[in-house]
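Here is the structure we will look at.
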Amino acid sequence: MTSPDRPPVVDVVGLHVRFGEVEAVAGVDLQGHAGQATALLGRNGAGKSTTMRVLAGVVPPTAGEVRVAGLDVRRHTLEVKRLVGYCPDVGGLVPRATPWEHLQLSARLRRLDDWEKRGRDLLERFELGDVAHRITAGFSHGMGRRLSVVLASLHEPQVLLLDEPFDGVDPIGVEATFEIIADARSRGACVLISTHLRELAIQACSTVLVMRGGSRVATVDAGDMVGEDGARAYRALLD
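Quick look at the structure:
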């Protein structure tokens, strides 16, 4: 679905992110296209989540160029946040609020009209309908992950960023997340998924960017990582 004549929706060149003396991201290049899903795959500490936070406008880049839909994230942070749907790797939920209240707040902040039917449909798809009016403080980790994906996708964003959406999620939640990714791609959104789970990455995405130690070590077709040969190739990239 990607046209070579169309510029990438997400364009990252030479991204560096430092926290004091620690360099969390060291010169990453990344492109994401309309209608395409790209995985950021690697072990914990590879720099995946920090890269996603930069794209979401949450963490500023230390160096490099980062553009989302042609907008520089440094100079147009608020505009970028409006274009993006972001599921963070941890947190993001209000413990004393219910899923429905989370949806209401998101809709109000984004000035959405006629969102309630889509909100109900998303909760049902992720099997959260029965707990829509229960506070999230008692939710399992997997339930919180599912709700975070719902909130990220509510407004049908141009760029969907899912950071570890499969972590601790049961098969029904995984399948629902796959459906959200497929829906986003079909309407021409750019999807980026951060995960340490190789098999789910290659099911959800057509392109895989392998990260290690804050750097990109390879960008490969997802098909090249299928099966035992793919697993061996992946391990070799991480060694």
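Under full-length UniProt numbering, the first residue of the sequence shown is numbered 1, with each subsequent residue one higher.
By construction, the Cβ of each residue, glycine as well, lies at the ideal position given by its N, Cα and C atoms.
Are the beta-carbon atoms of residue i and residue j separated by less than 8 Å?
i, j, result
"Glu156", "Arg125", "no"
"Cys190", "Gln158", "yes"
"residue 276", "Arg67", "Residue 276 falls outside the range modelled here, since the chain spans only 1 to 239, and no answer is possible."
"Ala69", "Val9", "yes"
"Gly45", "Val12", "no"
"Leu30", "Leu103", "no"
"Leu109", "Thr136", "no"
"Gly32", "Arg185", "no"
Go to residue i, then tell me how far its alpha helix (DSSP H) extends in each direction, as first and last residue.
i, result
"Ala233", "227–238"
"Val80", "77–83"
"Ile172", "171–186"
Go through its chain and collect everything with a Cβ distance to residue i's Cβ below 7 Å, but skip five positions before and after it.
i, result
"residue 260", "The structure shown has nothing for residue 260, since the chain only spans 1 to 239."
"Val25", "Leu15, His16, Val17, Gly47, Thr50, Thr51, Gly214"
"Arg75", "none"
"Leu123", "Pro99, Gly129, Ala132, Val150"
"Leu197", "Phe166"
"Ala19", "As written in the sequence, residue 19 is Phe, which differs from the Ala given in the question. Cβ neighbours of Phe19 beyond the five flanking positions: none."
I'd like the span of the beta strand (DSSP E) that includes residue i, first residue to last.
i, result
"Glu23", "22–32"
"Gly64", "63–68"
"Ser148", "Looking at the DSSP string, Ser148 is not in any beta strand (DSSP E); the run it does join, the alpha helix (DSSP H), is 141–153."
"Val58", "First-last for Val58: undefined, no H or E at that position."
"Gly14", "10–19"
Quick one: what's got a C-beta closer than 6 Å to residue i's C-beta in the same chain, skipping five residues either side?
i, result
"Leu238", "Arg212"
"Ile181", "Ala37, Val191, Ala204"
"Phe139", "none"
"Thr62", "His16, Val17, Arg18"
Applying the 10 Å Cβ sphere with the 16-neighbour rule, what's the burial state of residue i?
i, result
"Ala222", "buried"
"Glu116", "exposed"
"Phe166", "buried"
"Gly85", "buried"
"Arg96", "exposed"
"Gly119", "buried"
"Val73", "buried"
"Ala39", "buried"
Answer yes or no: the CB of residue i versus the heavy atoms of the ligand ADP, is any distance below 7 Å?
i, result
"Asp167", "Ligands are entirely absent from the displayed structure, and the ligand ADP is therefore not among its contents."
Would you mind giving the Cβ-Cβ distance between residue i and residue j, rounded to the nearest angstrom? I have them listed as a contact below 8 Å.
i, j, result
"Thr195", "Leu41", "6 Å"
"Leu161", "Leu200", "Not quite, the Cβ-Cβ distance comes to about 16 Å (not below 8 Å), so this is no contact."
"Leu88", "Asp163", "Contrary to the premise, residue 88 reads as Pro rather than Leu in this sequence. Indeed, because the Cβ distance is near 6 Å, the residues count as touching under 8 Å."
"Ile202", "Val174", "Not confirmed; about 13 Å, so no contact."
Using a Cβ-Cβ cut-off of 8 Å (strictly less than) and excluding sequence neighbours within five positions of residue i, which residues of its own chain qualify?
i, result
"residue 242", "Lying before the first or after the last residue shown, residue 242 is absent from the chain, which here runs from 1 to 239."
"Val210", "Leu41, Gly42, Arg216, Val217, Ala218, Thr219, Val220, Tyr234, Leu237, Leu238"
"Ala176", "Arg125, Phe126, Glu127, Arg146, Val149"
"residue 248", "Since the first residue of the chain shown is 1 and the last is 239, residue 248 is not available in this structure."
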